[in-house]
Amino acid sequence: MISSARVVRIVFHIFVWSLLNTFSNGTVTDIYCLRSIKDSLEDPHKHLNNGSSSWNFNNNTEGFVCNFKGLECWHPDEHKILNIRLSNMGLKGQFPRGIANCTSLQTLDLSSNDLSGPIPSDIALIIPYLTSLNLSYNRFSGVIPPSLANCSFLNVLVLNNNQLTGEIPMQLSQLDRINTFSVASNSLSGPVPNFSNISVTPAWYANNEGLCGGPLRSCTKHRQKFDDYFMRGFAVGWVVSAISVIAVVAFIMPSCIPVVHAKKMETTIMPIMRAWLTRWKNKRKEAYSVQEGSKEISILEKLVTRISLAEVITATSNFSKENIIGLGKMGTMYKGVLMNGLMLLAVRRFRDFQHFEKQFISEVTTLGRVRHRNLVPLFGFCVDGKERLLVYMYMANGNLYDWLHPLEANSKFLEWHLRVRIGIGLARGLAWLHHNSKLRITHGNISSKCILLDQNFEPKISNFGRSKILKSNESNSINKRFSEIRKRWRLGYATSENELLLDVLKEDVYSFGVVLLEIVTGEKPNQVSNASEGFSGTLVEWITHLWDASCPYNAIDKLLAGRGFDGEIIQFLELARNCVKSSPNERPTMLEVYKILSDIGEAYGIADDSETSTQNKWRIAS
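According to mature numbering (1 follows the signal peptide of the UniProt record, and there is no 0), the sequence shown holds residues -26 to -1, 1 to 596 in order.
Put into structure tokens, the structure is as follows:
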């Protein structure tokens, strides 16, 4: 027999590996998935057939399905579906089994429709990696399938207001990531599952007269009440006894003994009492902190999968030294390896959870809500005691800094066309963060060390520990709670236009300019090896000196110079100089930077990203 722990590990590995494949290769399976959903459901109100967002498959444009109504893709230019939300459309039919072909799906919301029939008994095979399932307000009948317990990544399971019968499978208590659950207003009976990791409310089970246990009436009517009264009486008696002893020691004893001994007792007992009270108050503070932390974790789980420490330990071979791929101020980065030897993920293990808790929260609350082709994908997080871990997609080519400044001379070399790709991708990612209409974000810590490179040298921005949210148009309660968490940790929302324009956005532009200078020159930001003897300034100061002396060609990386790219390289240099101007007002926006670099990239077949380049002008200035 395979142990349950091993099964969980295997499922976790398969899950992450499948996600890695989906990030790398767009396939036809998701298109087939959507076709089968449309074919299997009646759409009497034509929600899927009208308007610019209709489900029209007569299109060969890359990523065209990402514009379909109710869909969200992992990236706008790929066919891989992240979320399907078809709520309140009047759809009829049974549960669409073809959804099994959407292999990257994380959210499925079919609520408030007219769907009927049973929930498939093998639903865990259809949607094994789902994190959120909402089938509420339909006419689903029959029993709740026990196999739902095998959907081990579920955070949200909502089945209320259907026609479900029978008992709630006790196996559902194995869903240790669940934080939102409801089976209210069905015809269920029997005991309710014991979700030990969350606070359960009666509302989850309301309007099911046959249910008992948990927050409801006791399944054995009197025993539970007796146990409750006994424990309360025991606790009260213990407290009263303790208070009595303290009162006797503090007040009665001094009057019964000589003054000299009383003073000795005062000097002995009072410090003990003060120490006890201090320890008690600290315990209360610690308990409150744990409670608040639990609330925050439950909110973080809404958008990012929580992964157990055991799963991460297995993936990293117990944080083996051989798996270390990076060391930083905040901690160590490890690679995760599958049982068959294939690299899967990168795990950041924070060194001091108390000192870097703020950065940890910032990373999760930022990457948990935004996805873009040039942002590193965050797969999950782990909070276990003092452990704080973040699990990312593994980047085969490491970081940009190591490519531009290898430890051994000439051991690595980036061709010019790859440097162009990296510069454009970095600009694209930052422009999208700065000018996104829903959630505008600054990074606050851009450097070549936080630019990761995938197998195709596509750049991915990482390290969002100092990010700031400048403007949020999000309105739902979950995102409001994220905002509350960020404010509690002082992670920052811009408070004025001046801060937004000068002190925040343009800091990222300056940092981008420094990275662009590194790309062109091959020099480090604070150490220039090719400068004339006696020069001890920074890279920015060196470039300024060469430009003022009309010698910009002297700045070009010797490995690139004279190979036919000098004209483009000078364009990069001039743009970088504008980005690092001392006055923030004189620096361009990242959207303007991206458009300039995109024009250069056309010669290399690097397509423009219409989502980024067509941002409204007012977003540049506000």
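Beta carbons: idealized from backbone N, C-alpha and C, even for Gly.
So the candidates are S294, G354, L363; which of them puts its Cα closest to the Cα of R325?
In the sequence shown, counting from the first residue as 1, residue 325 sits at position 351. Here the closest residue by C-alpha is L363.
With DSSP run on the structure shown, which of helix, strand or coil describes C76?
Taking the sequence shown and counting its residues from 1, the one referred to as residue 76 is at position 102. The answer is coil: DSSP assigns C76 none of H, G, I, E or B.
Burial state of E576, where buried means 16 or more other Cβ atoms lie within 10 Å:
Position 602 of the sequence shown, counting from 1, holds the residue named residue 576. Counting Cβ neighbours within 10 Å, E576 comes out exposed, since fewer than 16 surround it.
Return the first residue and the last residue of the beta strand (DSSP E) that N108 is part of.
Taking the first residue of the sequence shown as position 1, residue 108 is located at position 134. Taken as a continuous stretch (DSSP letters only), the beta strand (DSSP E) holding N108 covers 106 to 108.
I need the straight-line Cα distance from C125 to L146, nearest angstrom please.
Stepping through the sequence shown from its first residue, residue 125 is reached at position 151. Stepping through the sequence shown from its first residue, residue 146 is reached at position 172. Taking the straight line joining both Cα atoms gives about 9 angstroms.
Taking just the CA atoms, how far does S485 sit from Q501?
Your numbering for residue 501 matches position 527 in the sequence shown. Your numbering for residue 485 matches position 511 in the sequence shown. If I take the Cα positions, the gap works out to 16 angstroms.
Quick check: P102 and P119, are their CB atoms within less than 8 angstroms of each other?
Numbered from 1 along the sequence shown, position 128 holds the residue referred to as residue 102. Numbered from 1 along the sequence shown, position 145 holds the residue referred to as residue 119. Their beta carbons are not under 8 angstroms apart, which means P102 does not touch P119 by this criterion.
Distance, P165 Cα to S115 Cα
For this step, residue 115 is matched to residue 141 along the sequence shown. For this step, residue 165 is matched to residue 191 along the sequence shown. Rounded to whole angstroms, S115 and P165 show a C-alpha spacing of 19 angstroms.
Look at the alpha carbon of G399 and the alpha carbon of Q148, and state the distance between them as a whole number of angstroms.
Here residue 399 refers to the residue found at position 425 when the sequence shown is read from its first residue. Here residue 148 refers to the residue found at position 174 when the sequence shown is read from its first residue. Just so you know, the alpha carbons of G399 and Q148 end up roughly 42 angstroms apart.
With 16 as the cutoff for other CB atoms within 10 Å, does residue 599 come out buried or exposed?
For residue 599 there is no data in the structure shown, the boundaries of the chain being -26 and 596.
Is it the case that the region 351 to 359 contacts the region 275 to 295, given that we only count it when at least three CB pairs across the two stretches are under 8 angstroms?
Using a C-beta cut-off of 8 angstroms, the region 275 to 295 makes contact with the region 351 to 359, since at least three inter-stretch Cβ pairs fall below that distance.
Answer yes or no: do N153 and N129 have a C-beta to C-beta separation smaller than 8 angstroms?
Numbered from 1 along the sequence shown, position 179 holds the residue referred to as residue 153. Numbered from 1 along the sequence shown, position 155 holds the residue referred to as residue 129. A contact, by the Cβ cut-off of 8 angstroms.
For the region 507 to 514 and the region 387 to 395, state whether three or more C-beta atom pairs, one from each stretch, are separated by less than 8 angstroms.
The region 507 to 514 is not in contact with the region 387 to 395.
First and last residue of the uninterrupted alpha helix (DSSP H) at D482
Numbered from 1 along the sequence shown, position 508 holds the residue referred to as residue 482. Run containing D482: 480 to 495, per the alpha helix (DSSP H) assignment.
Since I believe F438 is in contact with T340 (beta carbons under 8 angstroms), could you give me their beta-carbon distance rounded to a whole number of angstroms?
As a working mapping, residue 340 is identified with position 366 in the sequence shown. As a working mapping, residue 438 is identified with position 464 in the sequence shown. Contact between T340 and F438 holds, since their C-beta atoms are separated by about 4 angstroms, short of 8 angstroms.
Could you check the C-alpha separation between I493 and L426 for me, to the nearest Å?
Position 519 of the sequence shown, counted from the first residue, corresponds to residue 493. Position 452 of the sequence shown, counted from the first residue, corresponds to residue 426. Between the C-alpha atoms of I493 and L426 there is a straight-line separation of about 14 angstroms.
Roughly how many angstroms lie between the CA atoms of A123 and Y179, to the nearest whole one?
Taking the first residue of the sequence shown as 1, we reach residue 123 at position 149. Taking the first residue of the sequence shown as 1, we reach residue 179 at position 205. Inter-residue distance for A123 and Y179 is about 18 angstroms (C-alpha atoms, whole angstroms).
For D4, which three-state DSSP category applies?
As a working note, residue 4 is residue 30 in the sequence shown. It is helical.
Can you look up F539 in the DSSP assignment and give me helix, strand or coil?
Against the sequence shown, residue 539 aligns to sequence position 565. In this structure, F539 counts as coil in the three-state DSSP scheme.
Residue from T495, K532, I530, N430 whose Cα sits closest to the Cα of I580
Residue 580 sits at position 606 when you count from the first residue of the sequence shown. For the residues T495, K532, I530, N430, the minimum Cα distance to I580 belongs to N430.
Would you call the CB atoms of L162 and T139 closer than 8 angstroms?
Translated into the one-based positions of the sequence shown, residue 162 becomes position 188. Translated into the one-based positions of the sequence shown, residue 139 becomes position 165. In this structure, the beta-carbon distance from L162 to T139 falls below 8 angstroms.
Does the distance from the C-beta atom of G496 to that of L533 stay below 8 angstroms?
For this step, residue 496 is matched to residue 522 along the sequence shown. For this step, residue 533 is matched to residue 559 along the sequence shown. Yes. Within cutoff.
Please say whether V567 and A370 have beta carbons closer to each other than 8 angstroms?
Numbered from 1 along the sequence shown, position 396 holds the residue referred to as residue 370. Numbered from 1 along the sequence shown, position 593 holds the residue referred to as residue 567. Not closer than 8 angstroms, so no.
Rounded to whole angstroms, what's the CA-CA distance from L413 to L404? Just pull it up for me.
Here residue 413 refers to the residue found at position 439 of the sequence shown. Here residue 404 refers to the residue found at position 430 of the sequence shown. Distance between the alpha carbons of L413 and L404 is about 13 angstroms.
Thinking residue 598 and L133 are a contact (beta carbons under 8 angstroms), I'd like their distance in whole angstroms, please.
The structure shown does not extend to residue 598, since the chain is modelled only from -26 to 596, so the question has no answer here.
Expressed to the nearest angstrom, what Euclidean distance is found between the alpha-carbon atoms of L84 and Q328?
In the sequence shown, counting from the first residue as 1, residue 84 sits at position 110. In the sequence shown, counting from the first residue as 1, residue 328 sits at position 354. The C-alpha of L84 lies about 41 angstroms from the C-alpha of Q328.
Hey, which unbroken runs of the beta strand (DSSP E) at 3 residues or more fall wholly within the region 354 to 432?
For the region 354 to 432, whole beta strand (DSSP E) runs of length 3 or above, ordered along the chain, are 361 to 367, 413 to 416, 425 to 427.
Could you tell me the distance, in whole angstroms, from the CA atom of W377 to the CA atom of L349?
Residue numbering aside, residue 377 sits at position 403 when the sequence shown is read from its first letter. Residue numbering aside, residue 349 sits at position 375 when the sequence shown is read from its first letter. Whole-angstrom Cα-Cα distance: 19 angstroms.
Test item: CB-CB of Y308 and T290 under 8 angstroms
For the purposes of this step, residue 308 is identified with residue 334 of the sequence shown, where counting begins at 1. For the purposes of this step, residue 290 is identified with residue 316 of the sequence shown, where counting begins at 1. Between Y308 and T290, the CB-CB gap stays under 8 angstroms.
Output the distance between the C-alpha atoms of N297 and H379, rounded to the nearest integer angstrom.
Taking the first residue of the sequence shown as position 1, residue 297 is located at position 323. Taking the first residue of the sequence shown as position 1, residue 379 is located at position 405. Cα-Cα distance, rounded: 22 angstroms.
Using three-state DSSP, classify I58 as helix, strand or coil.
Here residue 58 refers to the residue found at position 84 when the sequence shown is read from its first residue. I58 carries a strand assignment under DSSP once its states are collapsed to helix, strand and coil.
In whole angstroms, give me the CA-to-CA distance for M564 and S10.
Translated into the one-based positions of the sequence shown, residue 564 becomes position 590. Translated into the one-based positions of the sequence shown, residue 10 becomes position 36. Cα to Cα, the separation comes out at about 41 angstroms.
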